Amino acid sequence: MFSRLIGFIAVVAFSYLLGVFALPSISDQYGDPILNAKIRNIKNVSLQFASGGDSAGSIVDKIKNTATPYIDDTKKAVEDINSTINNKVNQVQEAANAVQNAYSGVIDAKNKIENFTGSGK
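The opening residue of the sequence shown carries number -10 in the working numbering; numbering runs sequentially from there.
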């Protein structure tokens, strides 16, 4: 049963790819044109590299140029997260200081009341 499922998926994938390359207008009309363009681009880049049209260095440059915006966005997101964490840590520290000051104020008031009344304990 599992092998039939794998076989069916393979047939569907092969048929879709065949449609993307053999009948591009129909596959774009009924399929996802953006996905189809990406599939065709992968094929074109592979063929260009296989024919010696690209050097390994230019492929590395293409990958770098493609990945750089994503890396920059990720760095910015990490910086934003770090900034948010630092702000929250500062807020928690300020709240802890305020609680400590309030506690000290209560202890001071208790001591003053005890000293004023002379009761001690």
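Think of the CB as a built atom: it goes at the ideal place given N, C-alpha and C, for glycine as much as any other residue.
Remember, it's a predicted structure, so these values are computed and weren't measured experimentally.
Taking 8 Å as the cut-off, the Cβ atoms of F38 and I48 count as close. Residue environment: V9 is assigned as buried (16 or more neighbouring CB atoms within 10 Å of its CB, all protein chains considered). Counting only the Cα atoms, F(-3) lies some 38 Å from I60. With a threshold of 16 other beta carbon atoms within 10 Å, S16 meets it and is buried. In terms of CA proximity to L12, A26 leads the group A(-1), A26, V0. With a contact defined as Cβ atoms closer than 8 Å, I28 and L6 qualify at about 7 Å.
Within the model, the alpha-carbon separation for L(-6) versus D50 is close to 40 Å. A direct Cα-to-Cα measurement between D21 and N76 gives close to 44 Å.
Spanning the alpha carbons of V88 and K65 requires a straight line of approximately 34 Å. The segment 31 to 110 contains no complete beta strand (DSSP E) run of 3 or more residues.
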